[in-house]
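Residues are numbered in this note's numbering as their position in the sequence shown, beginning at 1, plus a constant of 1432. Think of the CB as a built atom: it goes at the ideal place given N, C-alpha and C, for glycine as much as any other residue. Only one structure is covered here, and it is reproduced in the block below.
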Amino acid sequence: MTRKPAAGALTPLAIAVLALLEERPMHPYEMYQLLMARREDYLVKIRPGSLYHTVDRLAEQQLTIAEGTGRAGNRPERTIYRITDSGRDALRTRVADILRRPNREYPIFPAALAEAHNLPREQVIDLLRERIALLDLDIAELDALSAWVLNRQVPRRYWMVIDYGRAQSLAQANWLRGLVTELESGELEWDEFDPETGERLPLTSERLGHDWGAAVTEDIFTAARRDASVR
1433 MTRKPAAGAL TPLAIAVLAL LEERPMHPYE MYQLLMARRE DYLVKIRPGS
1483 LYHTVDRLAE QQLTIAEGTG RAGNRPERTI YRITDSGRDA LRTRVADILR
1533 RPNREYPIFP AALAEAHNLP REQVIDLLRE RIALLDLDIA ELDALSAWVL
1583 NRQVPRRYWM VIDYGRAQSL AQANWLRGLV TELESGELEW DEFDPETGER
1633 LPLTSERLGH DWGAAVTEDI FTAARRDASV R
């Protein structure tokens, strides 16, 4: 017998697929069309191949089940899937776990930000300005989506994630604007690089540098968690 997976094994795309099947049975191509039409690609990386693989995996795990075939026009027949009781439980448990507990998701941008000191100051300023401009475009698109759904009186529970995405983009853009200001003014000290060779110039004496994290002891976190628990 195939063992049911833990709800934590559900990927973002698996969550999206199960959520669609919670609405009604459908075939994978219809799932793809609906996800794209709903702009779910703002939230989840959606590729046809990945979606079909996810559907197969969910069926193997008995979270969905094939219940027949359907045909649209002259298109070939396609297998229709529906969610099982186990799939519904897994979906609800996984969504509840994600809502309840913040997890470190390790996005790529903080990794680059942590290593930005390997680039010259002026290059970092130019790159961050480009990023801010793109974030402003994202904010404008999300504002347009918000206006569209408000005008059509769509219940907010279906699109509150747009507000969340806008808040994230706006917070990042504003923080980066402040960082650029610090870099331009020289308030934020930066390494110097040889303009001809690109090599980093010798560093001045610093008490702590790259390895500052190694000096952080566990008692700092213990005290912080204790203080947070009594607030």
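Neighbourhood of residue i by C-beta distance below 8 Å, restricted to the same chain and skipping five residues each side
i, result
"Leu1467", "Ala1448, Leu1452, Asp1473, Val1476, Ile1478, Leu1483"
"Glu1631", "Phe1625"
"Tyr1464", "Ile1478, Pro1480, Leu1483"
As assigned by DSSP and simplified to three states, the class of residue i
i, result
"Gly1597", "helix"
"Gly1641", "coil"
"Arg1632", "strand"
"Arg1563", "helix"
"Gly1610", "helix"
Cβ shell of residue i (< 7 Å), same chain only, five flanking positions each side left out
i, result
"Thr1511", "His1459, Ala1498, Thr1501"
"Glu1454", "Ile1515, Arg1520, Leu1523"
"Pro1457", "Glu1499, Ile1512, Tyr1513, Arg1514"
"Tyr1461", "Arg1510"
"Val1593", "Leu1475"
"Arg1609", "Ile1564"
Paired residues, beta bridge with residue i - DSSP
i, result
"Gly1500", "Ile1512"
"Phe1541", "Paired residues: none, contrary to the question."
"Met1592", "Looking at the DSSP assignment, Met1592 forms no beta bridge with any residue, so it has no partner."
"Met1468", "BP columns for Met1468 are empty, so no partner."
"Met1458", "Tyr1513"
"Phe1653", "Partner(s): none; Phe1653 has no beta bridge."
Close-in-space but distant-in-sequence residues of the same chain around residue i (CB under 6 Å, 5 per side omitted)
i, result
"Pro1534", "none"
"Arg1470", "none"
"Thr1373", "Residue 1373 is absent from the structure shown; the chain starts at 1433 and stops at 1663."
Beta-carbon separation (whole angstroms), residue i vs residue j, contact threshold 8 Å
i, j, result
"Thr1496", "Ile1515", "6 Å"
"Leu1615", "Ile1557", "5 Å"
"Tyr1513", "Ala1491", "7 Å"
"Leu1611", "Leu1560", "7 Å"
"Leu1574", "Gly1597", "6 Å"
"Ser1601", "Ile1571", "5 Å"
Any C-beta of chain D under 8 Å from that of residue i
i, result
"Ala1522", "Although the question refers to chain D, the structure presented lacks it and comprises just one protein chain."
Problem - Inter-stretch contact (C-beta, 8 Å, three-pair minimum) for the region 1560-1574 and the region 1600-1612 - result: yes
Practice task
Would you be able to state if there are at least three C-beta pairs under 8 Å between the region 1615-1627 and the region 1546-1560?
Solution key: yes
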